[in-house]
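Enquirer: Take a look at this one; I'll ask things after.
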Amino acid sequence: MYYWVCERKTQKETKCTARATTVYIGDQHKIHKFDAKQHNHAPEASQPEALKTCNQMKELAQISNDQPAQIISNIIATTSREIQPCLPRKDALRQQIKRAKRICDEEVKPKTLGD
């Protein structure tokens with residue numbers, strides 16, 4: 119038996135109490151118990167696509183030498199208009215890009231004299 123909680127459970131605004139239980143049969147989860155009425159917020163169908171866009175942006179940041187503003191404008195230009203409002207603010211995107219570049223730089227730098 120697997121227990122699930124809404125990803126908005128810890129958010130201050132919503133504190134959603136929705137839960138579900140599933141049973142893993144074969145290679146799929148079968149819903150055992152779920153009450154959609156427990157959600158206290160509307161569904162966001164575009165959220166997975168927004169997450170995918172943010173991940174693409176981070177990958178691009180690690181492989182290119184472009185400035186964060188360039189990466190953000192390129193990603194936003196190729197993202198559909200329905201997804202754009204779901205993306206984080208530009209300053210948050212810029213910070214994510216800087217972190218992705220920093221992590222990539224740390225992996226490349228030698229850690230010992232032998233490297």
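Numbering (the working numbering), first residue to last: 119 to 233. Heads up, the beta-carbon is just placed ideally off N, CA and C, and yes, glycines get one too. In this text, all values refer to a predicted model and were calculated from it rather than measured experimentally.
Suppose the cutoff is 7 Å on Cβ atoms and the five residues either side in sequence are ignored; what does the same chain contact list for Lys208 look like?
Expert: Excluding sequence neighbours, Lys208 sits near Ile190.
Enquirer: The alpha helix (DSSP H) spanning Ile194 covers which residue range?
Expert: Pro186 to Thr196 is the span of the alpha helix (DSSP H), which, as asked, contains Ile194.
Enquirer: Between the Cα of Lys216 and those of Asn183, Ala195, Ile201 and His150, spot the shortest distance and give me the residue it belongs to.
Expert: Per the Cα distances, Asn183.
Enquirer: DSSP three-state call for Ile143: helix, strand or coil?
Expert: Strand, per DSSP.
Enquirer: Around the Cβ of Ile193, are there at least 16 other Cβ atoms within 10 angstroms (buried) or fewer (exposed)?
Expert: With 16 or more other Cβ atoms within 10 Å, it is buried.
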